[in-house]
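Engineer:
2 protein chains.
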Amino acid sequence: MTSPHRPQRWRKLDSRTVAHTRIFDVESVDFQHPDHAAPRDFFVINPPDWVNVVALTPQEELVLVRQFRFGTNDLSLETPGGVVDAGEDPLVTGVRELREETGFVGTAARVLAVVHPNPAIQSNRCHIVFVEGAVPSAALAWDPNEEFEILVVPVAEALARAQRGEITHALALNALFYFLPEWEKRCAARGRA
Amino acid sequence: MTSPHRPQRWRKLDSRTVAHTRIFDVESVDFQHPDHAAPRDFFVINPPDWVNVVALTPQEELVLVRQFRFGTNDLSLETPGGVVDAGEDPLVTGVRELREETGFVGTAARVLAVVHPNPAIQSNRCHIVFVEGAVPSAALAWDPNEEFEILVVPVAEALARAQRGEITHALALNALFYFLPEWEKRCAARGRA
Numbered sequence: 001m002t003s004p005h006r007p008q009r010w011r012k013l014d015s016r017t018v019a020h021t022r023i024f025d026v027e028s029v030d031f032q033h034p035d036h037a038a039p040r041d042f043f044v045i046n047p048p049d050w051v052n053v054v055a056l057t058p059q060e061e062l063v064l065v066r067q068f069r070f071g072t073n074d075l076s077l078e079t080p081g082g083v084v085d086a087g088e089d090p091l092v093t094g095v096r097e098l099r100e101e102t103g104f105v106g107t108a109a110r111v112l113a114v115v116h117p118n119p120a121i122q123s124n125r126c127h128i129v130f131v132e133g134a135v136p137s138a139a140l141a142w143d144p145n146e147e148f149e150i151l152v153v154p155v156a157e158a159l160a161r162a163q164r165g166e167i168t169h170a171l172a173l174n175a176l177f178y179f180l181p182e183w184e185k186r187c188a189a190r191g192r193a
Numbered sequence: 001m002t003s004p005h006r007p008q009r010w011r012k013l014d015s016r017t018v019a020h021t022r023i024f025d026v027e028s029v030d031f032q033h034p035d036h037a038a039p040r041d042f043f044v045i046n047p048p049d050w051v052n053v054v055a056l057t058p059q060e061e062l063v064l065v066r067q068f069r070f071g072t073n074d075l076s077l078e079t080p081g082g083v084v085d086a087g088e089d090p091l092v093t094g095v096r097e098l099r100e101e102t103g104f105v106g107t108a109a110r111v112l113a114v115v116h117p118n119p120a121i122q123s124n125r126c127h128i129v130f131v132e133g134a135v136p137s138a139a140l141a142w143d144p145n146e147e148f149e150i151l152v153v154p155v156a157e158a159l160a161r162a163q164r165g166e167i168t169h170a171l172a173l174n175a176l177f178y179f180l181p182e183w184e185k186r187c188a189a190r191g192r193a
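Take a look at the structure:
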């Protein structure tokens, strides 16, 4: 069933930057609905694209990190991830962030999905990168304000922790969601599913 | 396996509001790491809490909405959702937003999970509300700048659309992720799993 109504696209007009920070801009953007008399302004947050990495070890474990997060003022258990540098291929970012944060390096990497962290108020995307054959083989390279606990846990346990509410970062949960079909394929191939 | 390192909590000191919009504030917050000489400021976005609703019909379909999103300047297919009003119970918000956006009303509702849209730069939470027995029985009540296409699709199709990249909103994907165990239980009970 589908309703007959089709929402229209608004047309983007002028915009003004109202705040500028190290990791995002806030813009006031005028949008015009085709049926409305006057445009209206909406606030849009513009960060660079991000990556989140599902790193699978040869023993079928996932590599997770726990770190302090300033937005929630609390520790958070997550998949590794970070910011895509200007001009950088998100796949390269994923491999780089995994290596820098955890020292793990894989044998193959690919993008599983691209999501929007928040289409309502935010313009950027998050690329979900899947790294296979991940083993600890590089030196850690943490930024000055970063420090991590590195956890390597069986896939089933990582998924159970997410379902139990021990992983609450929306984008880390997206990474696990897009890893599920991959995991089911592997389980089926072994006759475990 | 777990690394011996334990990340420390930073202490929140002073903060200043640097931008104020209708739907979020941007704050500059000083945080002090216990081992660092000086505090450092980080930017934090403070929106109210949000809800996202998984609405299941008696025919085992999910109720989805397509709407124009200003952050991405594009149409987006999502689970219904919205902003928790001051003092409102998120469960009440979920039921209200579903009714206002789609006209669907259910027979039971509960919170499946609570996630953080972005622990790194954002303080708020999103409550995933599950509504069962949802049927179209109320009048639509759209806000002035809202209009929706309402789609009612079989659960398996909704999940397939998400995996295919037709649903990209991180929080809508979280809603589907937390609905999965519920769905698997129903499939198992019918001997379909």
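Those protein sequences? They're chains A and B, same order as listed. Heads up: the first sequence begins at 1 in the working numbering, then just goes up one per residue. Heads up: the second sequence begins at 1 in the working numbering, then just goes up one per residue. Ideal placement from N, C-alpha and C gives every residue a C-beta, glycine not left out. Keep in mind the model is a prediction, meaning the values are calculated, not measured.
1. Mapping DSSP to helix, strand and coil, what is Leu98 of chain A?
2. Per DSSP, what kind of secondary structure is Ala193 of chain A in: helix, strand or coil?
3. Shorter than 7 Å from the beta carbon of Gln122 of chain A to some beta carbon of chain B?
4. Among A:Thr102, A:Asn52, A:Arg164 and A:Ala120, which has the Cα closest to the Cα of Arg69 of chain B?
5. Span of the alpha helix (DSSP H) holding Leu159 of chain A?
6. Answer yes or no: does any C-beta atom of chain A fall closer than 7 Å to that of Ala52 of chain B?
7. Is DSSP giving Val84 of chain B helix, strand or coil here?
8. Chain B beta carbons: is any one of them nearer than 7 Å to that of Lys12 of chain A?
9. Please work out which residues of its chain come closer than 7 Å, Cβ to Cβ, to Ala108 of chain B, disregarding the five sequence neighbours upstream and downstream, and give them in chain order.
10. Note the first and the last residue of the continuous beta strand (DSSP E) segment covering Glu132 of chain B.
11. Distance, Cα to Cα, Gly94 of chain B vs Val51 of chain B?
12. Tell me whether the beta-carbon of Trp10 of chain A lies closer than 7 Å to the beta-carbon of Phe31 of chain A.
13. Run through chain B and tell me which residues come within less than 8 Å of Gln8 of chain A, C-beta to C-beta.
14. State the Cα-Cα distance for the pair Ala221 of chain A and Val105 of chain A, rounded to the nearest angstrom.
15. Nearest to Gly81 of chain A by CA position, among A:Trp142, A:Glu166 and A:Arg190, is which residue?
16. By Cβ distance below 6 Å, which residues in the same chain neighbour Val114 of chain A in space, the five residues on each side in sequence not counted?
17. What are the start and end residues of the beta strand (DSSP E) that includes Thr17 of chain B?
18. Do Leu77 of chain B and Ile150 of chain B come within 7 Å of each other at the CB atom, strictly closer than that value?
19. Looking at the strands, I want to know which residues DSSP matches up with Trp50 of chain A.
20. Verify the CB distance criterion: does Leu159 of chain B have a CB-CB separation below 7 Å to chain A?
21. Do Phe148 of chain B and Val65 of chain B have their CB atoms nearer than 7 Å?
22. If you draw a straight line from the alpha carbon of Val152 of chain B to that of Arg190 of chain B, how long is it in whole angstroms?
23. Determine the DSSP secondary structure at Pro181 of chain A, reduced to helix, strand or coil.
24. Check whether the Cβ atoms of Leu173 of chain B and Asn174 of chain A sit closer than 7 Å, and answer yes or no.
25. Please tell me whether Leu56 of chain B and Ala158 of chain B are closer than 7 Å, where the distance is taken between their beta carbons.
26. Can you check whether the C-beta of Val92 of chain A is within less than 7 Å of a C-beta belonging to chain B?
27. In this structure, how does DSSP classify Leu140 of chain A when only helix, strand and coil are distinguished?
Structural biologist: Walking through what the data contain:
1. Leu98 of chain A falls in the helix class under three-state DSSP.
2. Interpretation of Ala193 of chain A is limited by its pLDDT of 49, a score under 50 that renders its predicted location unreliable; the figure taken from the coordinates is listed afterwards. It is coil, neither helix nor strand.
3. yes
4. A:Ala120
5. Val155 to Gln163
6. Per the sequence shown, residue 52 of chain B should be read as Asn rather than Ala. Not an interface residue.
7. coil
8. yes
9. Glu132 and Gly133
10. Bounds of the beta strand (DSSP E) holding Glu132 of chain B are Cys126 to Glu132.
11. Just so you know, the alpha carbons of Gly94 of chain B and Val51 of chain B end up roughly 6 Å apart.
12. The answer is yes: Cβ separation under 7 Å.
13. Phe68 and Glu147
14. Missing from the structure shown is residue 221 of chain A; chain A here goes from 1 to 193 and no further.
15. A:Trp142
16. Arg125 and His127
17. Arg11 to His20
18. no
19. A:Val83 and A:Cys126
20. So no, Leu159 of chain B is outside the interface.
21. yes
22. 22 Å
23. DSSP, reduced to helix, strand and coil, places Pro181 of chain A within a helical segment of the structure shown.
24. yes
25. no
26. no
27. coil
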